[in-house]
Structures are given as C-alpha cells and as structure tokens.
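To convert, note that position 236 of the sequence shown is 236 in UniProt numbering; the numbers rise steadily by one, no gaps. Glycine included, each C-beta is placed from N, C-alpha and C at the ideal position. In what follows, a single structure is set out as structure tokens and then discussed.
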Amino acid sequence: MELSEYRNLKLILSWNGEKFNGYQYQPHAFTVQEAITNAWNVFSGETVSLCGCSRLDAGVHAQYYVLNFHTKTAADSERIVRGMNGILHSHLALDICVSSAEFVKSDFHARFHAAGKHYRYLIWYGFSEHAFLTKRAWHVRSKISPESVCEILKQFEGEHDFAAFRSSDCSAKTTVRKILAVDAWIHPIHKEMIIVDIWGEGFLKNMIRNMVGTAVEMATGKRSLSTITESFVHRDRTKTGMCAPAWPLTLMHVYYDKEKILISSKNKAQKQVPC
C-alpha cells in the first residue's frame, strides 16, 4: 500500500481521567491511547499508530486533546465523529468524547507541531465542603491566602531550569522550559476554590503538579518563601514541595499557533467556571 493512499486524520478529544492511567499506552494498565486504538479498530478494522499531543499523568483530565494518525478510511468527518462516539459510549462504555475529526496535511504531528498548552489546576481550601466541587479539587484543609498563592506561582513565569520540578523517571533531554503566564483566581461564587491557569511552551513529567504542591506548601508555611528561586539553582527535587494530586489537573487547550497562545496567556480570557 502506497503512503499516498493514506490520509492524516486529526481528532480532538475530551475525557474524564479518573479511570485511565494517563494517555500513553502501558502494557499493564488501561490508557486513553489504548481505548482510542481499540475504538478505531472497531470502527474501521484498522490498527493504527496514534500520535498524541501529550502523555498526561494517570487521573489527569482533558478538555481539548489533539491526536493524529494515518488511515485509509473513506469515512467523512461527520461519520467518524458519530461512529467513534457511539463506539466509545455504547460499545466500550468509556468516558471519552470525540468533538471533531479533520483530515490535515500529511506531515502534521500533534505533539511536535504544538506551540504550547494551557493547563488548569483546582484547589479547595479551608474546612467547608461542596458535594461536587470539593471532589474535583485538591482539598487543602488549611487557611490559605489566595493572593499569596498567586504571588508565589508568579515566580514560575519566564524561562527557567525546572529540573527540581520533574518526576524522578522523567526522560526529557533538557529541563529548561518557558512558562508564558500563570493566573490564580477565585471562583466567583464559591470563594473556597482557587483556580490556577498555567500557559507554557512545554512541560516536564509531573511538572505542574510539583509546582502547585510547592506553592501550596510555601503558602501554608511548610516551605521557605525562597524555595522556588533556590530550586532553579540547586535543581534538586528533594528540596521542593510535594507532588499535588492528579485529579484536579485538566489540559484545557493545545495551541498550534504561537501568536494565539501568546494572546490567550496575556488576555487570560478563558475563565470558564468549573461546573
């Protein structure tokens, strides 16, 4: 079969990460990559190799996730969306949704062509609780000043060596990353919820969770206020804060236009309230 007979298909997905061990295939754990590969096999009879925009940790959610693969299917975009959602929901009973399908240029790669990503982390602080929102957030049973959390997280903005904020099994060749913007804001109704938005060109494994964990420990007095600046120098993971839980983290958007992520990070205009 000639390569020209294949077309490059881009899918945009969303999912609840609670029952998945991350995106990337693992031999002894169920992942989103395995689920989509199985669903596509049911839909088309093909076994394809998926290219995802990010690995994502176990338990992390995705609101806007991009992947691509080469296929020889003759189905159009509408049939693909309808068929894949039917298979994922009715046949496989999985909490994954396909929002769009589009045939793109043959050289498009969901990961390598990404210009940056926007992540969101939810923190619920104090001793009150909410039946829905508390379960979606990291419940920090302590008094925290939201303003101090924001001020602390702002120290991550810019280009730094994030070696002290990656997991021990991170295989990235370089640990220098650029954070374009950090915004921490309060839920307009439920003042106990802090919503942290982070825009960056790229992230290391567990990087955001380690950043948030360190910031919360600093805000609650468990870590020195100089922890972040010192960590950029000593590059020692053992001297930074805990790795915050995975379930409050969501991949909000993936950008393939550098100008668009710069505008989004400057305007901070994506403050959809968590439901």
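- Query: For G158, which three-state DSSP category applies?
  - Reply: strand
- Item | C170: CB within 7 Å of a non-hydrogen atom of the ligand ATP | Only the bare structure without any ligand can be found here, which leaves the ligand ATP out of the picture.
- Task: Using beta-carbon positions only, say whether A164 and S231 come within less than 8 Å of one another.
- Result: yes
- Task: Determine, using beta carbons only, whether P245 and A184 come nearer to each other than 8 Å.
- Result: no
- Message: Looking at R120: is its Cβ nearer than 8 Å to the Cβ of V196?
- Response: yes
- Message: Considering just the uninterrupted stretch of the beta strand (DSSP E) at N177, what are its terminal residues?
- Response: Checking the sequence, you will find Arg at residue 177 rather than Asn. R177 -> beta strand (DSSP E) spans V176 to I186.
- Message: Helix, strand or coil for Q33? Go by DSSP, reduced to three states.
- Response: helix
- Item | Rounded Cβ spacing between A115 and Y23 (contact assumed at less than 8 Å) | Contact between A115 and Y23 does not hold, since the beta-carbon distance rounds to 19 Å and is not under 8 Å.
- Task: Would you identify the three-state DSSP class for H190, choosing helix, strand or coil?
- Result: coil
- Item | Same chain only: Cβ atoms within 6 Å of K266, ignoring 5 sequence neighbours per side | none
- Taking only runs that begin and end inside the region 8 to 96, name each unbroken alpha helix (DSSP H) of 4 or more residues, in chain order. 32 to 44 and 77 to 86
- Message: For a test of the three-state rule: what should DSSP assign to K105, helix, strand or coil?
- Response: Of the three classes helix, strand and coil, the one that applies to K105 here is coil, per DSSP.
- Message: My output table needs one value for R209: the three-state DSSP class, helix, strand or coil.
- Response: helix
- Message: For a test of the three-state rule: what should DSSP assign to L262, helix, strand or coil?
- Response: L262: helix per DSSP, three-state reduction.
- Query: Can you name the start and end residues of the alpha helix (DSSP H) that T229 belongs to?
  - Reply: Element bounds for T229: T227 to H234.
- Task: Assign H91 to buried or exposed, taking buried as 16 or more other Cβ atoms, counted over all protein chains shown, within 10 Å of its Cβ.
- Result: exposed
- Task: Could you tell me which residues DSSP pairs with R120 in its beta bridges?
- Result: D197 and T250
- Item | H139, enclosing beta strand (DSSP E) - first and last residue | W138 to V140
- Query: In its own chain, which residues sit with a C-beta less than 6 Å from the C-beta of K10, not counting the 5 before and 5 after it?
  - Reply: Residues N68, E102 and V104 of the same chain have their beta carbon placed closer than 6 Å to that of K10, with the five preceding and five following residues left out of the count.
- DSSP state of S148 mapped onto helix, strand, coil: Look at S148 here: in three-state DSSP terms it is helix.
- Query: In whole angstroms, what is the alpha-carbon distance linking V66 and A35?
  - Reply: 15 Å
- Would A39 be called buried (16 or more neighbouring beta carbons within 10 Å of its own) or exposed? In the assembly as shown, A39 is a buried residue. Its beta-carbon has 16 or more other beta-carbons within 10 Å.
- Message: Distance check for R82 and S99, CA to CA, integer angstroms please.
- Response: 9 Å
- Item | Close-in-space but distant-in-sequence residues of the same chain around L88 (CB under 6 Å, 5 per side omitted) | Cβ within range, chain order: A39, L94 and I96.
- Per DSSP, cross-strand counterpart(s) of S100: Note: S100 is bridge-paired with I12 in the DSSP secondary-structure output.
- Query: What residue from W199, S224 and T175 has the CA that sits closest to H253's CA?
  - Reply: Looking at W199, S224 and T175, the one whose alpha-carbon comes closest to that of H253 is W199.
- Query: Can the beta-carbon of C51 be found less than 8 Å from the beta-carbon of H109?
  - Reply: Yes, the Cβ-Cβ distance between C51 and H109 is below 8 Å.
- Using beta-carbon positions only, say whether F203 and K117 come within less than 8 Å of one another. K117 sits close to F203, with the two beta carbons spaced by under 8 Å.
- Nearest-angstrom Cα separation, counted from H61 out to L249: Distance between the alpha carbons of L249 and H61: 6 Å.
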